[in-house]
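**Student:**
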Amino acid sequence: MMPIGYYLFLSMALFLIGAIGVITRRNVIVVLMSIELILNAVNINLVAFSRMFGDVAGQVFALFIIADAAAEAAVGLGIIIAFFRNRETVMEDEMDLLKW
Amino acid sequence: MNPSGYFLEHLWLIPLFPLVTAALMLLIGRTLPRSAVSFFCVGSVFLSFVHAAGAVYQLMAASPENRVYQQILFEWITPGAMPGPGGLVNFVADWGYLLDPLSCVMVLVVTGVGFLIHVYSIGYMGHEGGYYRFFGYMNLFMFSMLTLVLANNLLLLFVGWEGVGLCSYLLIGFYFLKKSASDAGKKAFIVNRVGDTGFLLGIFLIATTFGTVRFTSQALSDPVAFPGILETLRTMVAQNPLLYGAPIFTGIALLLFVGATGKSAQLPLYVWLPDAMEGPTPVSALIHAATMVTAGVYMVARMSAIYQLAPFAMDVVAVVGATTAIFAASMAVVQNDIKKVLAYSTISQLGYMFLALGVGAFSAGIFHLMTHAFFKALLFLGAGSVIHALSGEQDIRKMGGLWNTIPATAVPFLIATLAIAGVPPLAGFFSKDEILGHAFNRHNGADRYLFLWTIGLITAGITAFYMFRLFFQTFRGRSRVATELEEHIHESPKSMTVPLAILAFLSICAGWFALPVLWGEENTFGTFLEPVLRRVQQETAAVELGHHTLFKEYLLMMASVGIAALGIWLAYRVYLQFPKLHSKIAEAWPRLHNVLLHKYYVDEIYDALFVNRVKDLSTALGVVDAKLIDGVGVDGAGWLARVASQISMWWDKWVIDGLVNVTGKITRGLSVPVRMFQTGVFSSYAMLILLGLAILLSYYGYHMHTIVRNLR
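Right, dumping it as structure tokens:
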């Protein structure tokens, strides 16, 4: 059995790619994709620890998160389309309406 | 033996009948057909008349001393104790009715003549609009007048007094679309206010002097608990005989007389009566000739006990009466409106009545009141019939020659004219002769009273003259009627001519109560009234009514018949024999004619002295109102309020709002560093979250061994 460290490394790598994507990319769709990466990093963590502890609850959790991610992607894309119709842009630095 | 019986016990029904129908007419009369209006209104007056006649009949059954019936329906005004003679007295004004010989005469005249005039009105008002309104007001008038004459106290009499004044106002202004009619109504009402002020003050003075306003306590179950003026006065005079001529009695008598001059159109308050002819003719007959205007005479006669103790007030009454009589008669001579002539004649005849009262011949005054009610009502109704025949023409210069065309009007009119002129044996002769006889005897050695008789005699001559002028101009001579009217001349319907006939009969016979005078006995009418009009103190020489010899009586009668004949002859010469003569006379004395034609300019003088002065006062007060009240007061208050609000606004803007703004500015200033974080760009938020997460994680990583140890 592979040591847990590999899995955690992969998970960390995915999380960092995702986090950096969220911070740096201007296109909101790409930001949304990066968030999916972060969620997948979490899923890997859950499944890895589930295997390690022999407890299936973590994998069930991962399944829930996958479903949740799908729903979230649908809602997020919906919001983006609605926003695009109003402002004709999906660039996040141009959608700075939520400020004082 | 006290009088009793159904009609006496139901005395209260007499005024109630017309009140009920008046209420009916004024509430739902508009929806009723004319026949129903006539039926109810005339029927109610007829019922009143029947009850009045029945009550009088039952009262007559008693002996002369006991002919009093008094009925207290309820206590009306009970203010409690007030100062009266001999300490505090319990003052009560009740709603009660009194029937004694004096009110018998009045109630029969009012309901009898009233009923005839109501019947007449069915014909006269038949083509007029507001039929129900007319009869409603007329019935309201009947109620008020019956309350006036049946009241057992002065305050209730005053209610009737004001009620008839109101109805007079309403009926004078019956054609209210006509400005002159509504003006005349207002004039009558306002002039009467002047008199009523005096009357009301007189009532107050009576209430404080006698502690009661009830006329008499006779025929009441408990005379002590219900004191009357008459009994109190009797006690006062018995205790102190020197009260004769006391200033308090003179004051009361004069104040009451002020009220009488207003209501009965005497100098100086007579000016409203000629204008009152703007009302429909039956109104002039009923209110302004037969009943309401005699209320003053009735009231003075009712208060005769007080007047007899105030010789000065009596002289005032007599002089005012005599002056009014000749003054009004002289104005009647030149009037050309058929109703105006009769109006001045009414004033003049009322002057006669006051002359009678003033010389102490109260029963003669009431006697003339009654006969005058008959023949003057007849004259007015006749005049109304003439106006009806001529489709509204009232100018006697445009009449003439109607004798043959409308005989059923002309014959009663002639009878009434003869009666008022004082031709024996008609009613007016006896009553006028009685007044003149008493006036003549009043002087009784004191020649300064002889002029009263002289004035009365001259007035009798003028009366005969102007009445026959009216008669000749209207009914005899050449017709001067406009040709287009001439074809329409028609006799009035039966409902109008039958009352004329009945009144003509009364105008002939009503004076025959005085027939015994011819053989040296007392006037039965006077004997009938004597218990009411009796003095409370023995006669003194100064006011003694001399009992003249039969020879002197005949001489006086011949004098008055002679002067009446002279007046008639003059009228015949001037208006019938030489129709051009009167205009020549007018041209010969243009100034005199002008003064008479303009009624001595009294209206103009009153306008100049009072009306315009009041108007000036109103204008001045208006200026005060505009400049002082509005200018200084209201505008000043507005200016002050504006200045205050300016200050308040400044304070609000710079202090209150300033504080609020300062708070906002401080908050805003403090928020500057916080705002820098809120960029609205979510990647920067994500950055901050990550940063926080990193800090949190590094903290946990650093302290991991401690945490792990603690977990164990």
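Chain order of the listed sequences is A and B.
If you read the first sequence in my numbering, its first letter stands for residue -12, the second for the next number, and so on.
If you read the second sequence in my numbering, its first letter stands for residue 161, the second for the next number, and so on.
C-beta atoms are modelled at their ideal positions from N, C-alpha and C, and glycine is treated no differently.
None of the values given here were measured: they were computed from a predicted structure.
(1) Are the region 416 to 423 of chain B and the region 348 to 365 of chain B in contact at 8 Å, needing three or more beta carbon pairs?
(2) Thinking B/Asp508 and B/Thr619 are a contact (beta carbons under 8 Å), I'd like their distance in whole angstroms, please.
(3) Cβ closer than 7 Å: which chain B residues qualify as neighbours of A/Ala6?
(4) State yes or no: is the C-beta of B/Leu741 nearer than 6 Å to some heavy atom of the ligand GTP?
(5) Who does B/Gly256 pair with in a DSSP beta bridge?
(6) Out of curiosity, what's the CA-to-CA distance linking B/Tyr626 and B/Met396?
(7) Given a limit of 8 Å on CB to CB distance, which residues of the region 828 to 856 of chain B reach chain A?
(8) Short of 6 Å in beta carbon distance, which residues of its chain neighbour B/Arg293, apart from the five on each side in sequence? Order them along the chain.
(9) Rank B/Asn400, B/Val319, B/Asn312 and B/Gly290 by C-alpha distance to the C-alpha of B/Ser304 and give the top, closest one.
(10) I'd like to know if A/Leu85 contacts chain B, where contact means its C-beta is closer than 7 Å to some C-beta of that chain.
(11) Please name the residue in B/Ile366, B/Gly560, B/Ala846 and B/Phe487 whose C-alpha comes closest to that of B/Ile498.
(12) Alpha carbon to alpha carbon, how far is A/Ile22 from B/Arg835? Give it in angstroms, no decimals.
(13) Using a Cβ-Cβ distance under 7 Å, would A/Val93 count as near chain B?
(14) Tell me which residue opens and which closes the alpha helix (DSSP H) that B/Trp799 is part of.
(15) On a Cα-Cα basis, can you pick out the residue from B/Ser381, B/Val571 and B/Asn312 that is closest to B/Met459?
(16) Nearest to B/Ile622 by CA position, among B/Gly345, B/Ser720 and B/Glu225, is which residue?
(17) Give the DSSP-derived three-state secondary structure of B/Val460 in the structure shown.
(18) What's the C-alpha gap between B/Val202 and B/Ala489?
(19) For the region 32 to 47 of chain A, list every residue whose C-beta sits within 8 Å of some C-beta in chain B, in sequence order.
(20) Is B/Leu857 helix, strand or coil when you go by DSSP?
(21) B/Ile237 by DSSP, collapsed to three states: which one?
(22) What in chain B is Cβ-close to A/Glu75, meaning under 7 Å?
(23) What's the gap between the Cα of B/His528 and the Cα of B/Pro261?
(24) Compare the beta carbon distance of B/Leu752 and B/Val494 with 7 Å and say whether it is the shorter of the two.
(25) At what residues does the alpha helix (DSSP H) containing B/Glu647 begin and finish?
(26) What is the DSSP secondary structure of B/Asn683, counted as helix, strand or coil?
(27) Mind checking if A/Asp80 is an interface residue toward chain B, Cβ cutoff 7 Å exclusive?
(28) Looking at the unbroken alpha helix (DSSP H) that takes in B/His448, where does it start and where does it end?
(29) So the alpha helix (DSSP H) B/Tyr292 belongs to, where does it begin and stop?
(30) Just to check my reading of the structure: B/Glu225 and B/Ser340 have Cβ atoms closer than 8 Å, yes? What is that Cβ distance to the nearest angstrom?
(31) Looking at the secondary structure, which residues open and close the alpha helix (DSSP H) in which B/Lys654 lies?
(32) Please say whether B/Thr181 and B/Phe167 have beta carbons closer to each other than 7 Å?
(33) Is B/Pro245 near B/Gly371, with beta carbons less than 7 Å apart?
(34) Are the CB atoms of A/Ile7 and A/Met39 within a distance shorter than 7 Å?
(35) Can you list, in chain order, the residues of its chain whose CB lies under 6 Å from that of B/Ser198, leaving out five sequence neighbours each side?
(36) Check whether the Cβ atoms of B/Tyr217 and B/Leu259 sit closer than 7 Å, and answer yes or no.
**Tutor:** Quick answer:
(1) yes
(2) Reading the sequence as shown, one finds Ser at residue 508 of chain B and not Asp. Their Cβ separation, rounded to whole angstroms, is 6 Å, which keeps B/Ser508 and B/Thr619 in contact under 8 Å.
(3) Leu850
(4) With respect to the ligand GTP, the structure shown offers nothing to examine, as it has no ligands at all.
(5) B/Ile232
(6) 48 Å
(7) Ser831, Arg835, Gln838, Thr839, Gly840, Val841, Phe842, Ser843, Ala846, Met847 and Leu850
(8) none
(9) B/Val319
(10) yes
(11) B/Gly560
(12) 27 Å
(13) Any answer about residue 93 of chain A is impossible in this case: the structure gives chain A only from -12 up to 87.
(14) Asp795 to Trp811
(15) B/Asn312
(16) B/Ser720
(17) helix
(18) 34 Å
(19) none
(20) helix
(21) strand
(22) Under the 7 Å cutoff, chain B gives no residues; its nearest Cβ is about 18 Å from A/Glu75.
(23) 15 Å
(24) no
(25) Unbroken run through B/Glu647: none, as it is neither H nor E.
(26) coil
(27) yes
(28) From DSSP, B/His448 is part of no alpha helix (DSSP H); its letter is neither H nor E.
(29) Tyr291 to Leu310
(30) Contact doesn't hold; Cβ gap of about 52 Å is too wide.
(31) Lys654 to Cys669
(32) no
(33) yes
(34) no
(35) Ile282
(36) no
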